[in-house]
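Numbering (UniProt numbering), first residue to last: 1 to 263. For each residue, glycine too, the CB sits at the ideal point set by N, CA and C. Keep in mind it's a predicted model, so treat the numbers as computed, not measured. Report on the following structure.
Here you go:
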């Protein structure tokens, strides 16, 4: 019974970081997984490998836990959850970027009104947004992104132990600003080839419309822009997703830099 008194609170606190990560991850939302129970089970499975490392210091950990008042314990719980949230924010950047890029492409080609519910992002998204978000989710799971996320999660327990506390350094706002800048770079890098092609088509049809004013350029341009945008995206897909794959591979370093700004 004494062992369970150490295991249960330790496991509960260990689960807070993966829970914070999965709250923001699109593919691990409760709706995408079919319910909150499945997501909570996944959080438990993610936390179990880190439990032995935490139980190795169960006695000092239990002593720290017993010395904390209720407000201090609530603060530590929120801090652990906040660490997971910020880590999940860094992991979700590529998904937001590709959804932004898809929305821009659909807006330029004139189909932004045909928005549908994106089950991963749990919000209205463009047709291309749903498609490329699912493509990126497959790349994340197959290309080692999930393994990199787990590695970074378990490394965070070593660099920032439970109940260790943290404070934001002066470099934390700069780190968050850099992540936003990276999201914009990923968005522009993915959407720019298709945007250039569609702008050239608009310019060419604009010149045609000057000599054939009875021609309805809008209805003529939409299928042409859609076909050529898909063609350009298909040709450059291997190069376009390369930047996202690099982001997934470098996730461990990103989290290490993040935790460095929180000590």
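Hey, would you say residue i sits closer than 8 Å to residue j, going by beta carbons?
i           : j           : result
residue 54  : residue 14  : yes
residue 69  : residue 102 : no
residue 172 : residue 257 : no
residue 28  : residue 22  : yes
residue 253 : residue 151 : no
residue 93  : residue 179 : yes
residue 195 : residue 77  : no
residue 190 : residue 240 : yes
residue 88  : residue 25  : yes
In the structure shown, what three-state DSSP assignment does residue i receive?
i           : result
residue 168 : coil
residue 163 : coil
residue 141 : helix
residue 126 : coil
residue 263 : coil
residue 221 : helix
residue 212 : coil
residue 198 : helix
residue 149 : helix
residue 21  : helix
residue 15  : coil
residue 132 : helix
residue 254 : helix
residue 1   : For residue 1, the predicted structure reports a pLDDT of 46, less than 50, and the residue's modelled location is therefore unreliable. A value from the coordinates is still provided. It is coil, neither helix nor strand.
Over what stretch of residues does the alpha helix (DSSP H) that includes residue i continue unbroken?
i           : result
residue 28  : Counting along the chain, residue 28 falls outside any alpha helix (DSSP H), and DSSP gives it neither H nor E.
residue 237 : 237-249
residue 102 : 70-109
residue 54  : 51-55
residue 39  : 36-47
Alpha carbons only, please: which of the options is nearest the one belonging to residue i?
i           : options               : result
residue 135 : 242, 104 and 250      : 242
residue 248 : 142, 199 and 37       : 142
residue 201 : 187, 218 and 156      : 218
residue 96  : 137, 148, 239 and 206 : 137
residue 56  : 10, 81 and 30         : 10
residue 51  : 193, 186, 155 and 195 : 155
residue 72  : 186, 26 and 164       : 164
residue 225 : 181, 106 and 189      : 106
residue 158 : 37, 260, 44 and 25    : 260
residue 187 : 234, 167, 244 and 24  : 244
residue 99  : 47, 31 and 129        : 129
residue 223 : 198, 233, 166 and 90  : 198
residue 91  : 162, 149 and 81       : 149
residue 233 : 184, 250 and 131      : 131
residue 7   : 47, 36, 30 and 167    : 47
residue 146 : 31, 250 and 41        : 250
Just to check my reading of the structure: residue i and residue j have Cβ atoms closer than 8 Å, yes? What is that Cβ distance to the nearest angstrom?
i           : j           : result
residue 227 : residue 205 : About 14 Å; that fails the 8 Å criterion.
residue 153 : residue 17  : 6 Å
Does chain B have any CB closer than 8 Å to the CB of residue i?
i          : result
residue 74 : Reference to chain B is not applicable here, since this structure consists of a single protein chain.
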